[in-house]
Amino acid sequence: MWYYLEDLENVKLMKGYAAQALEQYNKKHGTTYEVNEIIRVNEDGCRDVTYYITLSVKNGESEYFQVKVVDRLHKSLKVLIVRPRVKGSDGISLM
Numbered sequence: 001m002w003y004y005l006e007d008l009e010n011v012k013l014m015k016g017y018a019a020q021a022l023e024q025y026n027k028k029h030g031t032t033y034e035v036n037e038i039i040r041v042n043e044d045g046c047r048d049v050t051y052y053i054t055l056s057v058k059n060g061e062s063e064y065f066q067v068k069v070v071d072r073l074h075k076s077l078k079v080l081i082v083r084p085r086v087k088g089s090d091g092i093s094l095m
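Take 1 as the starting number for the sequence shown in UniProt numbering and just add one per residue.
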């Protein structure tokens, strides 16, 4: 869904979701990662929408994270996965 990130409201929403996920990760691991840039977004669902987000983080060097969240009718957000990008996975594409 490369076009999804052309809308600034979508980017803002995804940064918010990613920030919530990173907050949970930081609390669990004693880190201080912050969202730098949303790289890629895929979504699935209709009533409850699952977002798969790849993002870069601020932490002194370039690092990438993967986040999976479920937006439940814009009423609640459930973080299912937040982790550093899996080593050995394909390179990050900016499209």
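Note that the Cβ used here is the ideal one computed from N, Cα and C, for glycine as well.
Computed from a prediction, not measured in an experiment: that's the story for all the values here.
K58 is positioned such that its CB atom lies closer than 9 Å to that of N36. Taking 3 residues as the shortest admissible run, the segment 11 to 92 contains the following complete beta strand (DSSP E) segments, listed from N- to C-terminal end: 34 to 44, 48 to 58, 63 to 72, 76 to 84. Here the segment 55 to 69 makes contact with the segment 27 to 36; the two share three or more CB pairs at distances below 8 Å.
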